[in-house]
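> Below you will find the structure I want to go over with you.
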Amino acid sequence: MQEVGIEKLRYAVIVQTIQDYVASLKYLHLPKSRQTEEEAQEARETIRDCEQFFCSNWFTVLLDMDGPCLMRAIRHMAYSQNEIVGLDIP
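Using the numbering used here, you'd call the opening residue of the sequence shown number 378 and step up by one each time.
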């Protein structure tokens, strides 16, 4: 039973990071007139933190996947305005 909880926590960390990354990328993609400097700075910091996480050993411990490859795919989806509806992470 404890393993199920740990598994759910692992995936929750990954999903939350992806959601934060997408939201920040999309925010910075808005016209400057719709951004505030404070929120833009926060988005840049979130992007930096997420990218460090995707490229970290900790990411591969949580999910046996190529973090930089996933990061590029997420960035492509966010910039092409495709919605990331659900994540089917094994």
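Idealized CB from N, CA, C, for every residue including glycine.
Q443 by DSSP, collapsed to three states: which one?
Against the sequence shown, residue 443 aligns to sequence position 66. Per the sequence shown, the amino acid found at residue 443 is Asp instead of Gln. Here D443 sits in coil by DSSP.
> Excluding five sequence neighbours on each side, which residues of the same chain lie with their C-beta closer than 7 Å to the C-beta of L407?
As a first step, residue 407 is located in the sequence shown; it is residue number 30 there, counting from the start. Counting only Cβ-Cβ distances below 7 Å, and skipping sequence neighbours, we find nothing.
> One question on the structure: do V390 and L439 come within less than 8 Å of each other, judged by their Cβ atoms?
One-based indexing of the sequence shown puts residue 390 at position 13. One-based indexing of the sequence shown puts residue 439 at position 62. Yes; because the gap between Cβ atoms is below 8 Å, this pair is in contact.
> Going by the CB atoms, is the gap between Y404 and R396 shorter than 8 Å?
Your numbering for residue 396 matches position 19 in the sequence shown. Your numbering for residue 404 matches position 27 in the sequence shown. In the sequence as presented, Arg is not what sits at residue 396; that position holds Gln. Taking 8 Å as the Cβ cut-off, Q396 and Y404 do not qualify as a contacting pair.
> Answer yes or no: do C432 and Y398 have a C-beta to C-beta separation smaller than 8 Å?
Position 55 of the sequence shown, counted from the first residue, corresponds to residue 432. Position 21 of the sequence shown, counted from the first residue, corresponds to residue 398. No, Cβ-Cβ distance for C432 and Y398 is not below 8 Å.
> Check each candidate in G382, L402, L386 and name the one with the smallest Cα separation from A450.
Within the sequence shown, numbered from 1, the residue matching residue 450 stands at position 73. The shortest Cα separation from A450 among G382, L402, L386 belongs to L402.
> Measuring straight from C-alpha to C-alpha, what distance separates I424 and Q418?
Indexing the sequence shown from 1 puts residue 424 at position 47. Indexing the sequence shown from 1 puts residue 418 at position 41. If I take the Cα positions, the gap works out to 10 Å.
> Please report whether the beta-carbon of R421 lies at a distance below 8 Å from any beta-carbon of chain B.
Note that chain B does not occur in the displayed structure, where there is just one protein chain.
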